[in-house]
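> The sequence shown begins at 1 in UniProt numbering and counts up by one. Below is one structure. I have some questions about it.
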Amino acid sequence: MEAAAAAGREARGRAASHPCGPGEKSPPDSRKVYMDYNATTPLEPEVIQAMTEAMREAWGNPSSPYPAGRKAKDIIDTARENIAKMIGGKPQDIIFTSGGTESNNLVIHSVVKHFHLTHASEGTRAEPSGPLAGAVPHLITCTVEHDSIRLPLEHLLEEQVAAVTFVPVSKVNGQVEVEDILAAVRPATCLVTIMLANNETGVIMPISEISQRIKALNQKRAASGLPVILLHTDAAQALGKQRVDVEDLGVDLLTIVGHKFYGPRIGALYIRGLGELTPLYPMLFGGGQERNFRPGTENTPMIAGLGKAAELVTKNCEAYEAHMRDVRDYLEERLEAVPSAAELWHPLRRGPERTPAQRGPQHHQGRRGRRRAGPEAGRGAAGGPGLAPRAPHGRPSEGCARMALFLSCPSLSFVPASA
1 MEAAAAAGRE ARGRAASHPC GPGEKSPPDS RKVYMDYNAT TPLEPEVIQA MTEAMREAWG
61 NPSSPYPAGR KAKDIIDTAR ENIAKMIGGK PQDIIFTSGG TESNNLVIHS VVKHFHLTHA
121 SEGTRAEPSG PLAGAVPHLI TCTVEHDSIR LPLEHLLEEQ VAAVTFVPVS KVNGQVEVED
181 ILAAVRPATC LVTIMLANNE TGVIMPISEI SQRIKALNQK RAASGLPVIL LHTDAAQALG
241 KQRVDVEDLG VDLLTIVGHK FYGPRIGALY IRGLGELTPL YPMLFGGGQE RNFRPGTENT
301 PMIAGLGKAA ELVTKNCEAY EAHMRDVRDY LEERLEAVPS AAELWHPLRR GPERTPAQRG
361 PQHHQGRRGR RRAGPEAGRG AAGGPGLAPR APHGRPSEGC ARMALFLSCP SLSFVPASA
């Protein structure tokens with residue numbers, strides 16, 4: 001396994017360090033290093049091979065009964081198994097999507113529709129003065145979520161289709177507080193969606209603790225006839241950087257994004273007990289693929305690549321994590337020797353748990369500006385709702401752009417502009 005991990009790291013290093021195409025030569029003194037891994041990662045060579053083979057050998061329609069179709073279906077089934085193994089789930093609880101944005105929107109769409117369908121049918125039995133009388137579904141999230149969570153929720157809020165609470169994260173450690181999540185619960189609450197790891201700070205959210213508290217709360221709510229609260233986490237920035245297990249997390253739904261762990265730009269969604277324990281309602285209608293939950297002829301090569309990337313994560317995650325942590329810690333130790341940066345690093349050592357590829361949130365208490373509270377806060381260069389300040393007209397400020405560049409790197413951290 002160590003040999004495989006070393007080979008993978010070497011291959012990724014080549015991909016990151018030499019952006020020129022085949023046959024092109026970099027100027028001798030201008031070696032470029034790619035540092036935007038939180039935005040997207042280069043494809044692992046084994047992933048490219050799996051996709052190429054699928055395009056060449058599995059071109060048939062996966063729904064067709066003849067050999068070319070069966071070959072494609074077998075590849076898709078294997079990929080589904082690899083993804084389930086990566087997160088400790090079951091293959092039948094995985095559906096393929098176009099990416100994280102679709103997966104997140106599908107979750108929100110499903111819980112809102114389920115609430116309306118369930119309580120519309122129960123409306124004649126509900127007391128006019130009951131806790132759900134005239135209520136719309138209520139969803140809870142935090143203020144540092146990706147736009148694919150924040151914007152759909154804001155849209156539902158504007159259309160008065162749902163109520164939404166945006167819980168602020170701690171100014172001390174960048175985490176959402178479990179007690180704040182519980183305090184936001186209402187009788188009509190049906191979903192809590194909190195990212196597993198933040199794309200700018202790397203702070204890991206306390207999903208397991210939130211899950212335990214919600215499960216206990218759900219038992220009391222069931223006795224009162226209140227809707228079950230589902231828990232969703234967007235795991236895009238955690239997969240490939242740390243071990244992710246849906247049983248340990250206790251989540252009902254989990255978003256998977258391939259291009260964050262050396263796979264192609266395609267995604268998947270985990271749904272615990274799909275269609276039985278956890279409801280899911282399609283946004284599209286068509287040929288019945290993915291058991292009618294996400295119809296459309298499957299993109300076999302992309303799915304093959306996602307499955308291979310998941311397989312590599314399962315085999316090598318410990319080695320990946322150890323390597324990234326060593327590089328990060330080495331860099332931070334060296335930066336501590338820089339007088340202008342030392343004040344940023346010492347409190348970081350006492351910070352919250354974070355992914356090994358990123359640094360903590362303490363720099364947000366520095367001179368570059370603090371995060372604005374509420375869902376209108378700025379987004380960083382990696383695309384998520386971020387901790388960076390924004391200039392008028394919604395454009396990142398000059399300082400924000402520079403800071404976001406460093407924050408989105410896997411092993412390079414923020415250095416003050418005067419450095």
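Glycine included, each C-beta is placed from N, C-alpha and C at the ideal position.
Arginine 354 by DSSP, collapsed to three states: which one?
strand
> What is the DSSP secondary structure of phenylalanine 261, reduced to helix, strand or coil?
coil
> Comparing alpha-carbon positions, which option in Gly89, Pro356, Arg334, Ala337 lies nearest alanine 319?
Nearest option by C-alpha distance: Pro356.
> Mind checking proline 131: buried by the 16 CB within 10 Å criterion, or exposed?
exposed
> Hey, quick one: how far does the beta strand (DSSP E) through glycine 267 stretch, first residue to last?
267-271
> Confirm, please, whether the CB-CB distance from glycine 202 to arginine 354 is below 7 Å.
yes
> Could you pull out every residue in the same chain whose Cβ sits closer than 7 Å to the Cβ of proline 206, ignoring the five residues on either side in sequence?
Gln175, Val178
> Does residue 457 come out as helix, strand or coil in the three-state DSSP assignment?
A question about residue 457 goes unanswered here, because the residues of the chain that appear run from 1 up to 419.
> When the Cβ atoms of the segment 187-204 are set against those of the segment 131-150, are three or more pairs found closer than 8 Å?
With the rule of 3 Cβ pairs closer than 8 Å, the segment 187-204 counts as touching the segment 131-150.
> Taking proline 227 as the reference, give the member of Lys215, Ala235, Thr233 with the closest Cα.
Measuring from the Cα of proline 227, the nearest candidate turns out to be Lys215.
> Tell me which residues share the same chain as residue 466 and place their Cβ nearer than 8 Å to its Cβ, disregarding the 5 neighbours each side in the sequence.
As displayed, the chain neither begins before 1 nor continues past 419, which places residue 466 out of reach and without an answer.
> Is lysine 171 near the ligand ADP, with its Cβ less than 6 Å from a heavy atom?
The ligand ADP is absent from the structure shown, which contains no ligand whatsoever.
> Does the beta-carbon of residue 428 have 16 or more other beta-carbons within 10 angstroms, so that it is buried, or is it exposed?
Nothing can be reported for residue 428, as the shown portion of the chain is limited to 1 through 419.
> From arginine 402 to isoleucine 149, what does the alpha carbon distance come to, in whole angstroms?
Because arginine 402 sits at a pLDDT of 29, beneath the cut-off of 50, its placement in the model cannot be relied upon, and the following sentence gives the value as read from the coordinates. Cα-Cα distance, rounded: 25 Å.
> Return the chain-ordered list of same chain residues with a C-beta closer than 7 Å to the C-beta of glycine 374, the five sequence neighbours on each side being excluded.
Residue placement at glycine 374 is poorly supported in this model, since its pLDDT is 33, which falls under 50; the coordinates are not used for a value here.
> Is the Cβ-Cβ distance between methionine 86 and threonine 314 less than 7 Å?
yes
> Three-state secondary structure (DSSP) at phenylalanine 115?
helix
> Distance, Cα to Cα, alanine 79 vs leucine 306?
Going by the C-alpha atoms only, they are around 7 Å apart.
> Taking the beta carbon of serine 211 as the centre, do at least 16 other beta carbons fall within 10 Å, making it buried, or is it exposed?
buried
> Is it a yes or a no for the segment 67-76 touching the segment 256-267, going by three-plus beta-carbon pairs under 8 Å?
no
> Using three-state DSSP, classify histidine 146 as helix, strand or coil.
Looking at histidine 146 - three-state DSSP - the assignment turns out to be coil, as it is neither helix nor strand.
> From the DSSP output, which residues share a beta bridge with aspartate 234?
Thr255
> Could you please give me the residues that DSSP links to glutamine 242 through a beta bridge?
Leu239
> Check whether the Cβ atoms of arginine 239 and phenylalanine 261 lie closer than 7 Å to each other.
One detail in the question is off: residue 239 reads as leucine in this sequence, not arginine. In this structure, phenylalanine 261 lies closer than 7 Å to leucine 239 by Cβ.
> Which residue comes first and which comes last in the alpha helix (DSSP H) that contains valine 47?
45-57
> Mind checking which residues open and close the alpha helix (DSSP H) that includes isoleucine 94?
Element bounds for isoleucine 94: not the alpha helix (DSSP H) but the beta strand (DSSP E), 94-97.
> So, alanine 162 versus proline 187, is the Cβ gap smaller than 7 Å?
no
> By the DSSP assignment, the beta strand (DSSP E) with alanine 163 in it spans what residues?
163-167
> Look at the alpha carbon of alanine 322 and the alpha carbon of proline 91, and state the distance between them as a whole number of angstroms.
28 Å
> What is the DSSP secondary structure of leucine 196, counted as helix, strand or coil?
coil
> Among Leu269, Asp234, Glu209, which has the Cα closest to the Cα of aspartate 248?
Nearest option by C-alpha distance: Glu209.
> Quick one: what does DSSP say threonine 314 is sitting in, helix, strand or coil?
helix
> Pull the bridge partners of leucine 274 from the DSSP assignment, please.
Thr278
> So, helix, strand or coil for lysine 220, using DSSP?
Under the three-state reduction of DSSP output, lysine 220 falls in the helix class.
> Kindly identify the DSSP beta-bridge partner or partners of isoleucine 204.
The partner list for isoleucine 204 (beta bridge, DSSP) reads Ala197.
> In this structure, does DSSP put threonine 78 in helix, strand or coil?
helix
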